[in-house]
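Colleague:
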Amino acid sequence: MIQIYRELTVETGDESEEAITLWLVSYQQLSHAAGRRTHTFIEALARWCLAQGWLLETGDDPYREQSLRIFGGAFSLPEAELEWAGDA
């Protein structure tokens, strides 16, 4: 099971660049203590991005969450970003 804790979209202010999207996910249920540490890290990351002058957007995107796939248990990609069709 994949748990998406936060999706941060960073707008750098440069019109020639696309936004950077960070997916913070876990592939297992976190303990209460690990969940607290993860939340603390996410909040610190958000503060750091804001200090750089980057704009942050947060929120749920059910379509992308549902389309998240695991490849080889090592990394994941949203299905919409795949440039090929077929099985891995």
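Numbering (the working numbering), first residue to last: 4 to 91. Even for Gly, the Cβ is constructed at its ideal location relative to N, Cα and C.
1. Distance check for Glu46 and Ser29, CA to CA, integer angstroms please.
2. Go ahead and label Gln69 buried or exposed: buried means 16 or more other beta carbons lie within 10 angstroms of its beta carbon, across all protein chains shown.
3. Since Thr41 contacts Leu33 with CB under 8 Å, what's their CB separation in whole angstroms?
4. Could you check where the alpha helix (DSSP H) with Trp51 kicks off and where it finishes?
5. Distance check for Cys52 and Leu27, CA to CA, integer angstroms please.
Modeller: In brief:
1. 16 Å
2. Any reading at Gln69 is ruled out, since the residue's pLDDT is 45, under 50, leaving its predicted position unreliable.
3. Rounded to the nearest angstrom, the Cβ distance from Thr41 to Leu33 is 6 Å, consistent with a contact under 8 Å.
4. 35-54
5. 15 Å
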